[in-house]
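In the numbering used here, each residue carries its 1-based index in the sequence shown increased by 11.
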Amino acid sequence: MRKFNIRKVLDGLTAVSAVASASSAAQQQQAGNRETEIQETLQSEHFQLCKTVRHGFPYQPSALAFDPVQKILAIGTQTGALRLFGRPGVECYCQHDSGAAVIQLQFLINEGALVSALADDTLHLWNLRQKRPAILHSLKFNRERITFCHLPFQSKWLYVGTERGNIHIVNVESFTLSGYVIMWNKAIELSSKSHPGPVVHISDNPMDEGKLLIGFESGTVVLWDLKSKKADYRYTHDEAIHSVAWHHEGKQFICSHSDGTLTIWNVKSPTKPFQTITPHGKQLKDGKKPEPCKPILKVEYKTTRAGEPFIILSGGLSYDTVGRRPCLTVMHGKSTAVLEMDYSIVDFLTLCETPYPNDFQEPYAVVVLLEKDLVLIDLAQNGYPIFENPYPLTIHESPVTCCEYFADCPVDLIPALYSVGARQKRQGYSKKEWPISGGNWGVITQSYSEIIITGHADGSIKFWDASAITLQVLYKLKTAKVFEKSRNKDERPNTDIVDEDPYAIQIISWCPESRMLCIAGVSAHVIIYRFSKQEVTTEVIPMLEVRLLYEINDVETPDGDQVPPVPTPGTGSNPQSIVPQSHPSTSSSSSDGLRDNVPCLKVKNSPLKQSPGYQIELVIQLVWVSGEPPQQITSLAINSAYGLVVFGNCNGIAMVDYLQKTVLLNLGTIELYGSNDPYRREPRSPRKTRQPSGAGLCDINEGTVVPEDRCKSPTSDVKDNSFSRSRSSSVTSIDKESREAISALHFCETFTRKADTSPSPCLWVGTTLGTVLVIVLNLPPGGEQRLLQPVIVSPSGTILRLKGAILRMAFLDTTGSLVPPAHETWREHHEDKDEKEKAKKRRPVSVSPSSSQEISENQYAVICSEKQAKVISLPSQNCIYKQNITETSFVLRGDIVSLSNSICLACFCANGHIMTFSLPSLRPLLDVYYLPLTNMRIARTFCFTDNGQALYLVSPTEIQRLTYSQETCENLQEMLGELFTLVETPEAPNRGFFKGLFGGGAQSLDREELFGESASGKASRSLAQHIPGPGGIEGVKGAASGVVGELARARLALDERGQKLGELEEKTAAMLYSADSFSKHAHEMMLKYKDKKWYQF
């Protein structure tokens, strides 16, 4: 598998795109234009693409390990990923190239290294003494399947158990096999006729390293004497074994079995167990055996100086507890606590004060790795409370349906969100500090704040502080609480526009300056929120219902107030269908019995208590029309300066004044064109196939869209409607002519017509057929007049055309700087009367520089579609630059972003390419193949933001962040946290005077003498193959001189792009620091290449 590693993109880029851009620019260049005078500062050397960090819960976890000295936690997954966690803010993601599942992880405690065992029978040694861990060695077993590994504390010999029941021994320094092998037929009784099964456990006696306890799946346990190479004792039980654990004194061990029992054995009494316990079995009378229970998958046996030992186990519940959640059981003395978990338990580990197995363990916490969560239990407090988890592992609490990313936010925004979010925190957590506290934070080189907003399937929205490559949840908003919950399926007649998750969020529109938030949900609903620091109770939730029609002939004129039709220059006057309702519609069905005029969700009619944070300003719902459900919303925009929100779907567009709570515009897409409709609505395909009128723009798969598949939840499979924006005639087959949907909306202050002499507020509308239309907004004066006079809305007659659905629009001023939409600055809405008087005199803040422009100055519209980008001069409407972005694929996401005090267009294509173009000239600056579009989740969540940042949902539970900025790539090494820190290994337990005098205490073993080549010979070459690892950039720095050193240095120069050589000595010294068994002088190791230790690479 090719390793993903992006290199700097060359200036030339692809010859094709360079030629195309040059020719298109030449064709379109107008003589005497001032546009060419804009100095563009961005060059290709400003761009480089690389992954930065991965946040969230490791998807499909499979293994767990903890270093009790370094205090680092490692989690392996079924896809070969490795996630390492230190103190909050110190996280790391690595990936095994093979993608095979991680079956076990073993730390070399306090050595800065980790061994991973994979399902493809490979062992890998990871160097954690560098910010980006890398594999130093790999060992591939050819003839045996790995089932269990054990690495004793402060030992360099790793025991590897196999499916055949044999045990091999690996030297972790050289990653070579020893000739010493424990064969299964030597370990079991010679008289036994059956195979004992795979090795499920290996551990050495805590008091005697020369005795190895081997557990076989069938129920046989063997105590093996390493020196004499024979079995001392064999313990047989008729139930299969899942795990084994020692008492620290080495005189007893405990086994967990498949019938839900625990057996405790005295080492010197192999005939029968000392004690048998069924933790969850019902004790029957007459001395009968308890009923069998589910298997106990793991048991741990931990001792304390002051009291009874802890026996901690997972599984073992009785079979009659159907539907009961998975449990962790903590037995301490006579008390048994059963701790229920939300998800099934993958693994657990008990955290203890000492790394030495022959000392009192003093357990203080249990780490429980669940299928979709990580839980830490405090063993020292009564009731075993859990620790508050500081890692951002709740991204997937409900499936993510959309994402937005904002960089360089106002400085007061994160504190404001944090303060309202702090009130939402649960109580009852452990009072202690989070015990996983290893590593050090990186150096913060970014001064700006970043916010990520995630929308979820249950209607919740989460705000995250994403500053400086960290992630922390700030605030959670539940949008579903405005609606009535259906108690049973019979009460859900209206939500059948989606299969499930009727509250799922599809689009988020947010104005960071004014803090106004608008969301569109899957049930064709829009909710507008205003931020407030005060609690309010809303007696009646303000709401509007909008009837969006498609057929121009079927426009109905409902009763009620009408906004008069506005004469439109060049388009004639079009009647507008407007339903300004502030209460739910009473009509639920038309005369022919079809459902009509009812929304999909029912808004609560009882008073709603709203906590500080985001509070409902207005709920807007599209209603059923003559038995047809409303089509899902495909685009959404809000503007706080104008007090307007606009949204569209495949039927048309609606604009709402959220200050006056009225519908201003309600037009079918065709009506927007007026008499200038260029399509005449004839099918393009020669076959003249047409979809039924109810079929929307909700599916990107080839073939006919069946009505029941039309509107699926965003959490459903690949046939995902959230991707509707990209279903245009230019993308899919020409047979699939569909009705035109609104795909992009942008409020701005610019020139609306060719004859304009000054800019004015307007809305630019983009459609899936590549049309851009302009709607003029005539706003009343600010203050009280804004609430009394109507906003006049009229199409301008301006029509622009591009190839492919319109994705994004933006505007540049005459210097080439971005003109952001006008906005208000945030102020508390629930103010005193004096404050309100002052507020009336305020005008909305327009940050648009156009208001002060001279008449002669022009602007530029930047429009990006699925196929191309154009820069259009305003007011002349001449296309001055054009770039065909892709011929064979289509753009999934396009954003106009700022970088290095300039701006560019960033695009992500369905063919996996990430591209950037300069503005206004649309010169290609970056074109890198990053990742193919493997699923709809990536398409739905990929987004770019300012300062060279981007993100997408890489798995259902994880966000992957990346950068396309050269500067960020260079600073990334400093920003990343360090996993390995220099910590002194605790002193070994004191043996005591009498134990030293009369024997007893821990017996040491010279493993080198037993397992070294001189004693045991060489292992069979065909058994396992050694593969040297890449070692990582920082690992290369410590390579010895000679040919290997020269190669390493050459590779370092290529990979690292000129880091200072002065760091080499310090880094090497840090790597060479180790426990006593590994401490030789650094210079000796460098000089003797053949004697190099693993941590020198």
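Just so you know, even glycine gets a beta-carbon here, dropped at the ideal spot from N, CA and C.
Query raised in the report: What are the complete beta strand (DSSP E) segments, minimum 3 residues, inside the region 765 to 843?
Result: 771 to 778, 782 to 789, 803 to 812, 817 to 823
Report task. Use the C-beta contact count for residue 459: other C-beta atoms within 10 angstroms, 16 or more gives buried, fewer gives exposed. Result -> exposed
Query raised in the report: In three-state DSSP terms, what is residue 195?
Result: In the structure shown, residue 195 sits in a helix (DSSP, three-state: H, G or I).
Query raised in the report: Are the region 99 to 106 and the region 373 to 385 touching, with three or more C-beta to C-beta distances below 8 Å?
Result: no
**Report entry** DSSP beta-bridge partners of residue 889
**Finding:** 884
Report task. Compare the beta carbon distance of residue 306 and residue 248 with 7 Å and say whether it is the shorter of the two. Result -> no
Query raised in the report: For residue 1109, which of helix, strand or coil comes out of DSSP?
Result: Residue numbering for the chain in the displayed model covers 12 to 1108; residue 1109 lies beyond these limits and cannot be assessed.
**Report entry** Identity of the residues DSSP links to residue 364 by a beta bridge
**Finding:** Paired residue(s): none; residue 364 is not in a bridge.
Query raised in the report: With DSSP run on the structure shown, which of helix, strand or coil describes residue 429?
Result: Here residue 429 sits in helix by DSSP.
Query raised in the report: Can you tell which of 353, 339, 352 has its C-alpha closest to the C-alpha of residue 361?
Result: 339
Query raised in the report: Applying the criterion that 16 or more other CB atoms from any shown protein chain within 10 Å of the CB defines a buried residue, is residue 608 buried or exposed?
Result: Per the 10 Å Cβ criterion, buried.
Query raised in the report: How is residue 912 classed by DSSP in three states: helix, strand or coil?
Result: coil
Query raised in the report: Terminal residues of the continuous beta strand (DSSP E) containing residue 178?
Result: Its beta strand (DSSP E) spans residues 178 to 182.
Requested in this report: With distances taken Cα to Cα, identify the nearest neighbour of residue 371 among 877, 1036, 549, 318.
Outcome: 318
Query raised in the report: Hey, how far is the Cα of residue 83 from the Cα of residue 405?
Result: 20 Å
Query raised in the report: By Cβ distance, which residues of its chain are closer than 8 Å to residue 293, with the 5 residues on each side in sequence left out?
Result: The answer, listed in chain order, is 301, 302, 329.
Query raised in the report: By a C-beta neighbour count over all protein chains shown, 10 Å radius and 16 as the cutoff for buried, is residue 1090 buried or exposed?
Result: For residue 1090, the pLDDT reaches just 42, beneath the cut-off of 50, and the residue's location in the model is therefore unreliable, although a value from the coordinates is still provided. Residue 1090 counts as exposed, since fewer than 16 other C-beta atoms from the protein chains shown sit within 10 angstroms of its C-beta.
Query - Cβ neighbours of residue 378 in the same chain (closer than 6 Å, five flanking residues each side left out) - result: 360, 387
**Report entry** Beta-bridge partners of residue 995, as assigned by DSSP
**Finding:** None; residue 995 has no bridge partner.
Requested in this report: List the endpoints of the continuous alpha helix (DSSP H) containing residue 218.
Outcome: Annotation: residue 218 is outside any alpha helix (DSSP H) and is labelled neither H nor E by DSSP.
Query raised in the report: Using CA coordinates, which residue listed in 138, 181, 163 is at the minimum distance from residue 146?
Result: Considering only alpha carbons, the answer is 138.
Report task. Please report how far the alpha carbon of residue 143 lies from the alpha carbon of residue 176, in whole angstroms. Result -> 36 Å
Report task. Measure how close the beta-carbons of residue 825 and residue 870 come, nearest whole angstrom, since I'm counting them as under 8 Å. Result -> 7 Å
Query - Touch test, the region 161 to 178 against the region 194 to 201, Cβ-Cβ under 8 Å, three pairs minimum - result: yes
Query - Beta-carbon separation (whole angstroms), residue 237 vs residue 224, contact threshold 8 Å - result: Wrong, their Cβ atoms sit about 11 Å apart, outside the cutoff.
Requested in this report: Could you tell me whether the region 283 to 291 touches the region 263 to 275, using the rule of 3 or more Cβ pairs below 8 Å?
Outcome: yes
Query raised in the report: Should the region 917 to 927 be regarded as contacting the region 979 to 990, the criterion being three or more beta carbon pairs within less than 8 Å?
Result: no
Query - Environment of residue 345 [buried if 16+ CB atoms lie within 10 Å] - result: It counts as exposed.
Query raised in the report: Is DSSP giving residue 650 helix, strand or coil here?
Result: Judged by DSSP in its simplified three-state form, residue 650 adopts strand.
Requested in this report: Please determine, among 626, 226, 486, 907, the residue with the shortest C-alpha to C-alpha distance to residue 4.
Outcome: The shown model of the chain, from 12 to 1108, leaves out residue 4, and the question about it has no answer.
Report task. Output the boundary residues of the beta strand (DSSP E) element that contains residue 760. Result -> Going by DSSP, residue 760 is part of the beta strand (DSSP E) stretching over 753 to 761.
Report task. Thinking residue 185 and residue 207 are a contact (beta carbons under 8 Å), I'd like their distance in whole angstroms, please. Result -> About 31 Å; that fails the 8 Å criterion.
Query raised in the report: Alpha carbon to alpha carbon, how far is residue 646 from residue 466?
Result: 15 Å
Query - Alpha carbon of residue 1017 to alpha carbon of residue 167, nearest angstrom - result: 11 Å
Query raised in the report: Nearest-angstrom Cα distance between residue 522 and residue 473?
Result: 15 Å
**Report entry** Range covered by the beta strand (DSSP E) that runs through residue 665
**Finding:** 663 to 668
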